[in-house]
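> For the sequence shown, the working numbering begins at 73 and goes up steadily by one.
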Amino acid sequence: GVQTCALPISETREEIGRLLDISELGLRLEGARALRDGLAMDLLIDCATDEDPGLQARIGVQVRWSAPGVTPGRFESGLRVKAMVSKDAEALKGLYARLATAAKG
Numbered sequence: 073g074v075q076t077c078a079l080p081i082s083e084t085r086e087e088i089g090r091l092l093d094i095s096e097l098g099l100r101l102e103g104a105r106a107l108r109d110g111l112a113m114d115l116l117i118d119c120a121t122d123e124d125p126g127l128q129a130r131i132g133v134q135v136r137w138s139a140p141g142v143t144p145g146r147f148e149s150g151l152r153v154k155a156m157v158s159k160d161a162e163a164l165k166g167l168y169a170r171l172a173t174a175a176k177g
């Protein structure tokens, strides 16, 4: 399934969208609302594997752009990765590899 992202807003975890794609430099989300340009936040990304179903990566991101999405009433946002710790980078690398494999299959 497609991974979801949650944003800790004063530690309430609001789901802000689903991950459309991810690279080393950033990610693209689809959500119910546009995100403000320049907004900095921490995202929790579900990186679950069979071995570790609860695996999440926490990354600091900044919103680069938001625009109406392909789906009516939805918005796409581009986020640049600003900060993450190495264990989260490893979790994201695994997710990135699995998504790339799924896209080929």
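Note that CB positions come from ideal geometry on N, CA and C, so glycine has one too.
Do you know offhand how far residue 107's Cα is from residue 123's?
On the sequence shown, position 35 is the one that residue 107 refers to. On the sequence shown, position 51 is the one that residue 123 refers to. Taking the straight line from one Cα to the other gives about 33 Å.
> Determine the contact status of residue 94 and residue 171, defining contact as a CB-CB distance below 8 Å.
Locating residue 94 in the sequence shown gives position 22, counting from the first residue. Locating residue 171 in the sequence shown gives position 99, counting from the first residue. Going by C-beta atoms, residue 94 is nearer than 8 Å to residue 171.
> Pull up the distance between the alpha-carbon of residue 127 and that of residue 161, whole angstroms please.
Counted from its first residue, the sequence shown places residue 127 at position 55. Counted from its first residue, the sequence shown places residue 161 at position 89. Straight-line Cα distance between these residues: approximately 12 Å.
> Less than 8 Å between the CB atoms is what I'm expecting for residue 99 and residue 90, so what's the real figure, rounded?
Reading the sequence shown from its first residue, position 27 is the one you call residue 99. Reading the sequence shown from its first residue, position 18 is the one you call residue 90. Residue 99 to residue 90, Cβ: 11 Å. No contact.
> Give me, in chain order, the residues of the same chain whose beta-carbon lies closer than 8 Å to that of residue 119; leave out the 5 immediate sequence neighbours on both sides.
Within the sequence shown, residue 119 is the residue found at index 47, counting from 1. Correct list, in chain order: 75, 127, 128, 129, 163, 164, 166, 167.
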